[in-house]
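Contents: one structure, followed by commentary.
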Amino acid sequence: LEEEITRETKWHLGLYIPFDFFRRQTEREILFSGRAFRGNFYKCADRSSHPHWGSWSPVNELNFHMPECFGELIFQ
Numbered sequence: 001l002e003e004e005i006t007r008e009t010k011w012h013l014g015l016y017i018p019f020d021f022f023r024r025q026t027e028r029e030i031l032f033s034g035r036a037f038r039g040n041f042y043k044c045a046d047r048s049s050h051p052h053w054g055s056w057s058p059v060n061e062l063n064f065h066m067p068e069c070f071g072e073l074i075f076q
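Here's what the structure looks like:
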């Protein structure tokens, strides 16, 4: 956005990632459907007028690289 939105705003995100994207990132075939993986999604707004951070799966501290805090992702 060119200008920061300063009023209170609710955001929703929908995401579709084709399995082929993951297949291109690895050298081996991975069966995705029905498998559980671990990961997290983050939002960082440290350069805004109201710095804030958020994550899909809760973290114990402001560190988004903690595998013990990752949530379960199940591909369908």
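Note that the sequence shown covers residues 1 to 76 in my numbering.
The beta carbon of each residue, even a glycine, is placed where N, CA and C say it ideally should be.
Everything numeric in this text was worked out from a predicted model, so none of it was measured.
Between the CA atoms of PRO18 and SER55 - distance to the nearest angstrom: Numbered from 1 along the sequence shown, position 55 holds the residue referred to as residue 55. Numbered from 1 along the sequence shown, position 18 holds the residue referred to as residue 18. Rounded to the nearest angstrom, the two C-alpha atoms are 22 Å apart.
Quick one, are the C-beta atoms of PHE70 and ARG35 less than 7 Å apart? The residue you call residue 70 lines up with position 70 of the sequence shown. The residue you call residue 35 lines up with position 35 of the sequence shown. No. Outside cutoff.
Cα-Cα separation between GLU61 and GLU29, rounded to whole angstroms: Locating residue 61 in the sequence shown gives position 61, counting from the first residue. Locating residue 29 in the sequence shown gives position 29, counting from the first residue. Their Cα atoms are separated by approximately 35 Å.
Between the C-alpha atoms of GLU4 and HIS50, what's the straight-line distance to the nearest angstrom? In the sequence shown, the residue the question calls residue 4 occupies position 4. In the sequence shown, the residue the question calls residue 50 occupies position 50. Their backbone Cα atoms lie some 10 Å apart in a straight line.
Per DSSP, what kind of secondary structure is TRP38 in: helix, strand or coil? Locating residue 38 in the sequence shown gives position 38, where the first residue counts as 1. Before going further, note that residue 38 is Arg rather than Trp in the sequence given. ARG38 falls in the strand class under three-state DSSP.
Would a C-beta distance cut-off of 7 Å place PHE37 and LEU73 closer than the cut-off? Within the sequence shown, the letter at position 37 stands for residue 37. Within the sequence shown, the letter at position 73 stands for residue 73. Cβ atoms of PHE37 and LEU73: closer than 7 Å.
Return helix, strand or coil for GLU4, following the three-state DSSP convention. Numbered from its first residue, the sequence shown carries residue 4 at position 4. Looking at GLU4 - three-state DSSP - the assignment turns out to be coil, as it is neither helix nor strand.
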